[in-house]
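Some notes on the structure that comes next.
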Ligand SMILES: Cc1cc2nc3c(=O)[nH]c(=O)nc-3n(C[C@H](O)[C@H](O)[C@H](O)COP(=O)(O)OP(=O)(O)OC[C@H]3O[C@@H](n4cnc5c(N)ncnc54)[C@H](O)[C@@H]3O)c2cc1C
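Numbering (the working numbering), first residue to last: 1042 to 1477.
Given below as structure tokens:
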């Protein structure tokens, strides 16, 4: 079968590789000059390559590890200790062990135990379905108490959802707590995260090479501008250079982007795609001559800061450099999206200096800002029933994107697992719903 895949991000390329393995003739079309989408990288004039955002591989990410092995990258995967903590009133507080937790000054001792009990309970329950209809706020207050909510969860939620967390379901917190538990490695339970020695873009390159090796094509600078449908089936796609015909087409793009490509689709289906809510992201990255700290991740409890998290790792290929990400999730229409790199640099760095007074801007080797309108789907209340399925109402047309990995978080692990299952569905022509 000739399969066209729109989108050369991790989803489109992983799907392309799995479909090519089944023997299909795959063509991946990417609108930009570079593959990878959110998993892309910066290439600086001195030749240094840096991931646009951080993509930790956890010890529990078996799907990513298997895919790396399949791509011949198993020896490139390195695990390192990962220290985590909080920034509260510009002071760093470790949060990597039970001892750290018990001495965390932001909460009283009773609330610390209550919060700890809630985290353990969330990790032990499989019953996320019961949380689908519950707002995160109500569930957190009921299970962890008002003080823990006000001092810890509220600032984290405000920062993560750009202030609009009222409609977020408790499933998001459940998934996040479960994912974070995958950082700890038994028996010592020290935190550990993995990365690819040549950067995680090497996985993107390997997937593209795998598709080509199996007879497929991966084309950049090809923007699909319309998917034509009629009589309940896929007809063709149109790029700026003309029409292309396939037996099956997969839109591996965000739901609102897919809606824009389908002007002839049924109104009800378009509304379903358009109402999928996403968070955008502004992610400045700094390459530094000296590290800021020995923490991998620091979460901030002060919502007045322009960023909510500080993620720092040595550069995978050049450990003499430290790479620092200062992400801020924003609503797709937030004014920050149109703000210049210079203004962002000034606002972000002045706040960084409050936390690290010794930070010297002279130690910055590179600074760059990524912006994206549709980075992560928002897990709203009753999301289970509203996520669009892989099979669209049009025979031969499929949608594969991160809204469908619910209840998992849209991480590399979940995307790869979803791409594998979606490829099986497309290959078999099965009617089994993959989403939800
Ligand atoms: C190892 C690893 C770990 C990760 N960990 C995390 C994590 O901890 N947390 C997290 O949130 N995420 C994580 N991610 C996931 C990641 O950042 C994104 O969620 C993921 O890259 C989304 O992939 P995507 O292909 O669905 O979308 P995108 O990356 O957005 O790719 C879509 C592509 O489609 C192209 N496109 C759009 N429209 C068109 C068109 N009309 N024509 C042609 N092309 C088009 C775009 O240019 C883009 O390249 C991880 C990823 C990896 C690899």
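For each residue, glycine too, the CB sits at the ideal point set by N, CA and C.
Give me the Cα-Cα distance between residue i and residue j, rounded to the nearest whole angstrom.
| i | j | result |
| --- | --- | --- |
| residue 1128 | residue 1174 | 32 Å |
| residue 1287 | residue 1063 | 17 Å |
| residue 1100 | residue 1222 | 10 Å |
| residue 983 | residue 1377 | No statement about residue 983 is possible, as the shown extent of the chain runs from 1042 to 1477 and does not include it. |
| residue 1309 | residue 1045 | 25 Å |
| residue 1087 | residue 1361 | 15 Å |
| residue 1452 | residue 1189 | 27 Å |
| residue 1091 | residue 1367 | 14 Å |
| residue 1355 | residue 1434 | 47 Å |
| residue 1049 | residue 1369 | 24 Å |
| residue 1553 | residue 1306 | The chain is shown from 1042 up to 1477; residue 1553 falls before or after that span and cannot be answered. |
| residue 1337 | residue 1243 | 21 Å |
| residue 1186 | residue 1156 | 8 Å |
| residue 1285 | residue 1107 | 34 Å |
| residue 1390 | residue 1094 | 18 Å |
| residue 1340 | residue 1153 | 17 Å |
| residue 1302 | residue 1269 | 8 Å |
| residue 1096 | residue 1241 | 7 Å |
| residue 1295 | residue 1428 | 12 Å |
| residue 1234 | residue 1167 | 24 Å |
| residue 1329 | residue 1393 | 13 Å |
| residue 1075 | residue 1083 | 10 Å |
| residue 1408 | residue 1085 | 9 Å |
| residue 1347 | residue 1388 | 7 Å |
| residue 1353 | residue 1365 | 4 Å |
| residue 1470 | residue 1118 | 35 Å |
| residue 1371 | residue 1324 | 10 Å |
| residue 1401 | residue 1331 | 9 Å |
| residue 1201 | residue 1417 | 11 Å |
| residue 1335 | residue 1218 | 23 Å |
| residue 1135 | residue 1147 | 12 Å |
| residue 1220 | residue 1169 | 14 Å |
Taking the alpha carbon of residue i as the point to measure from, which residue in the options has its own alpha carbon closest?
| i | options | result |
| --- | --- | --- |
| residue 1102 | 1197, 1353, 1458 and 1205 | 1458 |
| residue 1282 | 1273, 1296 and 1264 | 1264 |
| residue 1053 | 1396, 1441, 1159 and 1450 | 1441 |
| residue 1547 | 1170, 1203, 1158 and 1167 | This structure cannot settle anything about residue 1547, because the visible part of the chain is limited to 1042 through 1477. |
| residue 1421 | 1391, 1206 and 1460 | 1206 |
| residue 1403 | 1151, 1254, 1104 and 1333 | 1333 |
| residue 1066 | 1455, 1389, 1253 and 1115 | 1253 |
| residue 1145 | 1394, 1163 and 1126 | 1126 |
| residue 1203 | 1439, 1349, 1423 and 1381 | 1349 |
| residue 1116 | 1449, 1170, 1237 and 1280 | 1237 |
| residue 1171 | 1160, 1120 and 1210 | 1210 |
| residue 1426 | 1414, 1417, 1445 and 1118 | 1445 |
| residue 1383 | 1400, 1374, 1411 and 1372 | 1411 |
| residue 1245 | 1080, 1071, 1430 and 1418 | 1080 |
| residue 1375 | 1414, 1409 and 1381 | 1414 |
| residue 1437 | 1449, 1419 and 1468 | 1468 |
| residue 1163 | 1104, 1151, 1183 and 1359 | 1183 |
| residue 1042 | 1416, 1291 and 1351 | 1291 |
| residue 1399 | 1112, 1131, 1120 and 1068 | 1131 |
| residue 1058 | 1259, 1372 and 1448 | 1259 |
| residue 1419 | 1134, 1072, 1212 and 1122 | 1212 |
| residue 1133 | 1396, 1406 and 1424 | 1396 |
Tell me the DSSP bridge mates of residue i?
| i | result |
| --- | --- |
| residue 1183 | Answer by DSSP bridge pairing: none, since residue 1183 is not bridged. |
| residue 1209 | 1421 |
| residue 1016 | It is not possible to answer for residue 1016, since the shown part of the chain is limited to 1042 through 1477. |
| residue 1236 | 1119 |
| residue 1214 | Paired residues: none, contrary to the question. |
| residue 1195 | Looking at the DSSP assignment, residue 1195 forms no beta bridge with any residue, so it has no partner. |
| residue 1178 | In DSSP, residue 1178 forms no bridge with anything. |
| residue 1370 | 1322 |
| residue 1043 | 1066 |
| residue 1050 | 1077 |
Our contact map puts residue i next to residue j with C-beta atoms below 8 Å; I'd like the distance itself, whole angstroms only.
| i | j | result |
| --- | --- | --- |
| residue 1299 | residue 1314 | 6 Å |
| residue 1465 | residue 1251 | 17 Å between Cβ atoms; not a contact. |
| residue 1344 | residue 1191 | Contact doesn't hold; Cβ gap of about 12 Å is too wide. |
| residue 1342 | residue 1193 | 7 Å |
| residue 1047 | residue 1070 | 6 Å |
| residue 1297 | residue 1317 | 6 Å |
| residue 1454 | residue 1105 | 5 Å |
| residue 1460 | residue 1110 | Contact doesn't hold; Cβ gap of about 16 Å is too wide. |
* To do: Kindly provide the ranges of any beta strand (DSSP E) runs that are 3 or more residues long and lie completely inside the stretch 1069-1121, ordered along the chain.
  => With a minimum length of 3 residues, the continuous beta strand (DSSP E) runs that stay inside the stretch 1069-1121 are 1082-1084 and 1090-1092.
* Taking only runs of the beta strand (DSSP E) that begin and end inside the stretch 1288-1367, which ones reach a length of at least 3 residues, in chain order? -> You should have 1289-1292, 1319-1329, 1338-1341, 1350-1355 and 1363-1366.
* Identify every run of the alpha helix (DSSP H) within the stretch 1142-1169, keeping only runs that are complete inside it and at least 4 residues long; order them along the chain. => For the stretch 1142-1169, whole alpha helix (DSSP H) runs of length 4 or above, ordered along the chain, are 1150-1165.
* **Contiguous beta strand (DSSP E) assignments of at least 3 residues, all confined to the stretch 1381-1464** => Within the stretch 1381-1464, the complete beta strand (DSSP E) runs of at least 3 residues are 1405-1418 and 1438-1440.
* Quick one: complete beta strand (DSSP E) runs, 3+ long, within the stretch 1247-1291? -> Listed in chain order, the complete beta strand (DSSP E) runs (minimum 3 residues) inside the stretch 1247-1291 are 1258-1260, 1265-1271, 1274-1280 and 1283-1285.
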